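Visitor:
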Amino acid sequence: MTQVYNFSSGPAMLPVEVLRRAEQELTNWHGLGTSVMEISHRSKEFIAVAEAAEQDFRDLLKIPSNYKVLFCHGGARAQFAAIPGNLLGDAKSADYIDGGYWAHSAIKEAEKYCSPNTIDVKTTLDGKRALLPMREWQLNDDAAYVHFCPNETIDGIAIDEEPDFGDKVVVADLSSTIMSRPIDVSRYGVIYAGAQKNIGPAGLTLVVVRDDLLGKAQRYVPSILDYKVLAENESMFNTPPTFAWYLSGLVFKWLKEKGGVAEMDKVNQAKADLLYGVIDNSSFYRNDVAAANRSRMNVPFQLADAALDKVFLDESLQAGLHALKGHRVVGGMRASIYNAMPLEGVKALTEFMIDFERRHG
Ligand code: PMP
Numbered sequence: 001m002t003q004v005y006n007f008s009s010g011p012a013m014l015p016v017e018v019l020r021r022a023e024q025e026l027t028n029w030h031g032l033g034t035s036v037m038e039i040s041h042r043s044k045e046f047i048a049v050a051e052a053a054e055q056d057f058r059d060l061l062k063i064p065s066n067y068k069v070l071f072c073h074g075g076a077r078a079q080f081a082a083i084p085g086n087l088l089g090d091a092k093s094a095d096y097i098d099g100g101y102w103a104h105s106a107i108k109e110a111e112k113y114c115s116p117n118t119i120d121v122k123t124t125l126d127g128k129r130a131l132l133p134m135r136e137w138q139l140n141d142d143a144a145y146v147h148f149c150p151n152e153t154i155d156g157i158a159i160d161e162e163p164d165f166g167d168k169v170v171v172a173d174l175s176s177t178i179m180s181r182p183i184d185v186s187r188y189g190v191i192y193a194g195a196q197k198n199i200g201p202a203g204l205t206l207v208v209v210r211d212d213l214l215g216k217a218q219r220y221v222p223s224i225l226d227y228k229v230l231a232e233n234e235s236m237f238n239t240p241p242t243f244a245w246y247l248s249g250l251v252f253k254w255l256k257e258k259g260g261v262a263e264m265d266k267v268n269q270a271k272a273d274l275l276y277g278v279i280d281n282s283s284f285y286r287n288d289v290a291a292a293n294r295s296r297m298n299v300p301f302q303l304a305d306a307a308l309d310k311v312f313l314d315e316s317l318q319a320g321l322h323a324l325k326g327h328r329v330v331g332g333m334r335a336s337i338y339n340a341m342p343l344e345g346v347k348a349l350t351e352f353m354i355d356f357e358r359r360h361g
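Following the UniProt record's numbering, the residues of the sequence shown are numbered contiguously, the last one being 361.
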């Protein structure tokens, strides 16, 4: 069989070494004669898995000790509701940076619970899509927090700056960028990420929350979304997604073996440079995001002749390059190149693209 590279935006490809390990121990985990899926989340065996995963995640992101790590259900969208519910306190509003599809979706959800101040940062630079730099964001004093999404998975647009807003509580949706580069966690009040891109299987969402923000949930917040309840119960207030937690733990070990987040940063840069380089060197392919805001994780690109889209997708699939169809709201193509995608996968894609252009250009 041809080597397959999966460019899905999520659920996304996982490191093959991790899948092999899970396969080996699936039916007889650690000699128990059963799988890790079938044991109590409160058993000492699973607690050991859970604690190791949390520690490895903390090590990878250098999470300070005054932050809790919560292993939650509900995907990132559940956090769109949990954020206002946990952080509004007595305030009536929060600042929401609108840079793309997912930031906008978070605003729509927040509207159920407060009056979000929408700060539209979308702009153009030399005719290309761009986002205003942080120093131009007009934040409001009465806002309980500022929410933004550093990497827009669908739009392929990113904010690489780290926030520096003094005492403001900064909340970030890192679903499609977490662990792809080092970040300074101390600059954030809350970060959250659905697992299915750079962490592990769908069904798990990681939340990192600063201690002083716990205990402020509105009465309406369901207990399973109340950060204090989750923290007090070590993410086991109800049955957590144990298999996703275990598998994410294997991904964290893999990341550590590969050199951690700093090494991922380098490889991710090399992958993005290679792919954008091929796009920019051709008039057959096009990406319409300004260089400063290009996503290193999700690379949307268009073919000059959209009539060739289907041919491109059929031929790329045959070449073992999967899931390159762009999101339905954007069209064209999109290559998601998270941590688990090796440089060889992006090389294979670019070679295919060059050859495709030669044959159809
Ligand atoms: N935020 C971002 C940046 C995303 O990419 C996604 C999913 N693609 C979501 C939120 C929603 O995540 P979920 O499906 O886990 O609720």
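Glycine included, C-beta positions come from ideal geometry on N, C-alpha and C. Being a predicted model, the structure only gives us computed values, none of them experimental.
Work out the CA separation of residue 240 and residue 206 for me, nearest whole Å.
Guide: So the two alpha carbons sit approximately 12 Å from each other.
Visitor: What's the C-alpha gap between residue 123 and residue 100?
Guide: Residue 123 and residue 100: Cα-Cα distance of roughly 11 Å.
Visitor: In whole angstroms, what is the alpha-carbon distance linking residue 288 and residue 129?
Guide: C-alpha separation (whole angstroms): 6 Å.
Visitor: Using three-state DSSP, classify residue 192 as helix, strand or coil.
Guide: Strand at residue 192.
Visitor: Taking 7 Å as the cut-off, is the C-beta of residue 9 nearer than that to any heavy atom in the ligand PMP?
Guide: Under cutoff, so the answer is yes.
Visitor: Roughly how far, in whole angstroms, is the beta-carbon of residue 45 from the beta-carbon of residue 32, given that I think they are within contact range, below 8 Å?
Guide: That belief holds up - the Cβ atoms of residue 45 and residue 32 are roughly 7 Å apart, short of 8 Å.
Visitor: On a Cα-Cα basis, can you pick out the residue from 335, 119 and 267 that is closest to residue 381?
Guide: The shown model of the chain, from 1 to 361, leaves out residue 381, and the question about it has no answer.
Visitor: Quick one: Cα of residue 175 to Cα of residue 151, how far?
Guide: Approximately 8 Å between the Cα atoms of the pair.
Visitor: With 16 other CB atoms within 10 Å as the buried threshold, where does residue 30 fall?
Guide: Exposed.
Visitor: Please specify which runs of the alpha helix (DSSP H), each continuous and at least 4 residues long, are wholly inside the stretch 198-241, giving them in chain order.
Guide: The qualifying runs are 227-232.
Visitor: Looking only at its chain, what residues have a beta carbon closer than 6 Å to the beta carbon of residue 68, apart from the 5 residues adjacent to it on each side?
Guide: Once the five neighbours on either side are set aside, the close Cβ partners of residue 68 are 209 and 231.
Visitor: In terms of residue numbering, what span does the alpha helix (DSSP H) encompassing residue 80 cover?
Guide: Run containing residue 80: 75-87, per the alpha helix (DSSP H) assignment.
Visitor: Whole-angstrom Cβ separation of residue 97 and residue 57, contact assumed at under 8 Å?
Guide: Actually they are not in contact, since the Cβ atoms of residue 97 and residue 57 sit about 26 Å apart, beyond 8 Å.
Visitor: Please classify residue 120: does DSSP put it in a helix, a strand, or coil?
Guide: DSSP places residue 120 in strand when its eight states are reduced to three.
Visitor: In the DSSP assignment, find the unbroken alpha helix (DSSP H) run with residue 49 in it and report its ends.
Guide: Element bounds for residue 49: 44-61.
Visitor: Taking DSSP's pairing of strands, which residues face residue 95 in a bridge?
Guide: BP columns for residue 95 point to 117 and 146.
Visitor: Indicate whether the contact test is met: 3 or more Cβ pairs, each with one atom in the stretch 298-306 and one in the stretch 335-342, closer than 8 Å.
Guide: Yes, the stretch 298-306 touches the stretch 335-342.
Visitor: Does the stretch 68-85 come close enough to the stretch 187-206 that 3 or more CB-CB pairs lie under 8 Å?
Guide: The stretch 187-206 is in contact with the stretch 68-85.
Visitor: Who does residue 289 pair with in a DSSP beta bridge?
Guide: Answer by DSSP bridge pairing, in chain order: 129.
Visitor: Quick one, which of 145, 161, 114 and 140 has its alpha-carbon nearest residue 131's?
Guide: Nearest of 145, 161, 114 and 140 to residue 131, Cα basis: 161.
Visitor: Note down the Cα distance separating residue 94 from residue 82, rounded to an integer number of angstroms.
Guide: Rounded to whole angstroms, residue 94 to residue 82 spans 13 Å at the Cα level.
Visitor: Any heavy atom of the ligand PMP closer than 7 Å to the CB of residue 29?
Guide: Result no, Cβ not under 7 Å from the ligand PMP.
Visitor: Between residue 166 and residue 144, what straight-line distance do the alpha-carbon atoms span, to the nearest angstrom?
Guide: Looking at the two C-alpha atoms, the distance is approximately 13 Å.
Visitor: Beta strand (DSSP E) containing residue 275: first to last residue?
Guide: Residue 275 -> not in any beta strand (DSSP E); alpha helix (DSSP H) instead, spanning 260-280.
Visitor: Just to confirm before moving on: does the CB-CB distance between residue 179 and residue 267 stay below 8 Å?
Guide: No, Cβ-Cβ distance for residue 179 and residue 267 is not below 8 Å.
Visitor: Nearest-angstrom Cα distance between residue 5 and residue 341?
Guide: Straight-line Cα distance between these residues: approximately 8 Å.
Visitor: How far does the beta strand (DSSP E) with residue 335 in it extend, from its first residue to its last?
Guide: Looking at the DSSP string, the run of the beta strand (DSSP E) that includes residue 335 is 333-336.
Visitor: What are the boundary residues of the alpha helix (DSSP H) that residue 22 is part of?
Guide: Unbroken alpha helix (DSSP H) run through residue 22: 16-24.
Visitor: Is residue 301 helix, strand or coil by DSSP?
Guide: In the structure shown, residue 301 sits in a strand (DSSP, three-state: E or B).
Visitor: Within 10 Å of its beta-carbon, does residue 173 have 16 or more other beta-carbons around it, so buried, or fewer, so exposed?
Guide: When all chains shown are included, residue 173 counts as buried.
Visitor: Is residue 22 closer than 8 Å to residue 249 when the C-beta atoms are compared?
Guide: No. Outside cutoff.
Visitor: With a threshold of 16 other CB atoms inside 10 Å of the CB of residue 328, please say whether the residue is buried or exposed.
Guide: With fewer than 16 Cβ atoms within 10 Å of its Cβ, residue 328 is classed as exposed.
Visitor: Do residue 12 and the ligand PMP come close, with the Cβ less than 7 Å from some heavy atom?
Guide: It does not: the Cβ of residue 12 is nowhere closer than 7 Å to a heavy atom of the ligand PMP.
Visitor: Can you check which of these residues, 282, 9, 8 and 15, is closest to residue 254 by C-alpha distance?
Guide: If we check each option's Cα against that of residue 254, 15 comes out closest.
Visitor: Could you give the residue range of the alpha helix (DSSP H) that holds residue 356?
Guide: Looking at the DSSP string, the run of the alpha helix (DSSP H) that includes residue 356 is 343-360.
Visitor: Does the Cβ of residue 194 lie closer than 7 Å to at least one heavy atom of the ligand PMP?
Guide: Within the cutoff, so yes.
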